[in-house]
Amino acid sequence: MNDTQTPNDLIAAYKELLRDFLAKRPSGLRKKISDAIGTNRSFVSQITNPKYSVPIPSHYVQKIIAVCHLTPSERAQFLEAYVEAHPGQAELLTNGALSDADAITIDLSAVKDEAQRDLIRQTLKYTAESLIGLATGRRKDRP
-15 MNDTQTPNDL IAAYKELLRD FLAKRPSGLR KKISDAIGTN RSFVSQITNP KYSVPIPSHY
45 VQKIIAVCHL TPSERAQFLE AYVEAHPGQA ELLTNGALSD ADAITIDLSA VKDEAQRDLI
105 RQTLKYTAES LIGLATGRRK DRP
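Residue numbers for the sequence shown follow the numbering used here, so the first one is -15 and each next one is one higher.
And the structure:
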């Protein structure tokens, strides 16, 4: 970070890169990102628009890169800018914190009702967290 760049400038820089990469790809990619990270499309709009200061959470970065099919050059550019904005995340990102083998993506596009999709997402997330808790000895009680 140089003396004139604020943290928000650095966040905007990697979001500009992502926005430019998305512009080169077919439409519908924001929805695919939304489905992959389990959030609504308005959140994806916020994390891909440099005008919003909302940073991209580090645990979504690898999924976003995969869904967007970034080229090795684009990936390197994006990660360099991301790490400059969030230096504490460098090790997490360079170690591929979440490999494809550790993640499951479920296509809910057949369910047209957004409320039903949200309920399915919440149920699947709770079930997965419970199973992981059982496997690791850290149980999670139902909220």
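For glycine and all other residues, C-beta sits at the position ideal for the given N, C-alpha and C.
Using the beta-carbon count (16 or more within 10 Å), is residue i buried or exposed?
i, result
"Thr32", "buried"
"Ala(-4)", "buried"
"Gln73", "buried"
"Tyr110", "exposed"
"Leu54", "buried"
"Ile116", "exposed"
"Leu103", "exposed"
"Asp88", "According to the sequence as given, residue 88 is Ile; it is not Asp. Counting Cβ neighbours within 10 Å, Ile88 comes out exposed, since fewer than 16 surround it."
Return the CA-CA distance between residue i and residue j, expressed in angstroms with no decimal places.
i, j, result
"Val51", "Gln(-11)", "29 Å"
"Arg128", "Arg105", "The structure shown does not extend to residue 128, since the chain spans only -15 to 127, so no value can be given for it."
"Leu183", "Phe5", "No answer is possible for residue 183: it lies beyond the span of the chain, which begins at -15 and ends at 127."
"Leu92", "Arg101", "7 Å"
"Arg59", "Lys15", "20 Å"
"Gln61", "Thr23", "25 Å"
"Ile49", "Lys96", "26 Å"
"Ala112", "Thr120", "12 Å"
Compute the distance between the beta-carbons of residue i and residue j, then report whether it is under 8 Å.
i, j, result
"Ser114", "His70", "no"
"Ala20", "Lys47", "yes"
"Leu77", "Val45", "yes"
"Lys8", "Pro34", "no"
"Leu135", "Ile90", "The question about residue 135 has no answer, for the chain in this structure spans -15 to 127."
Among the options, which one has its Cα closest to the Cα of residue i?
i, options, result
"Pro(-9)", "Ile88, Ser37, Thr55", "Ser37"
"Glu98", "Ser18, Leu63, Gly12, Pro10", "Ser18"
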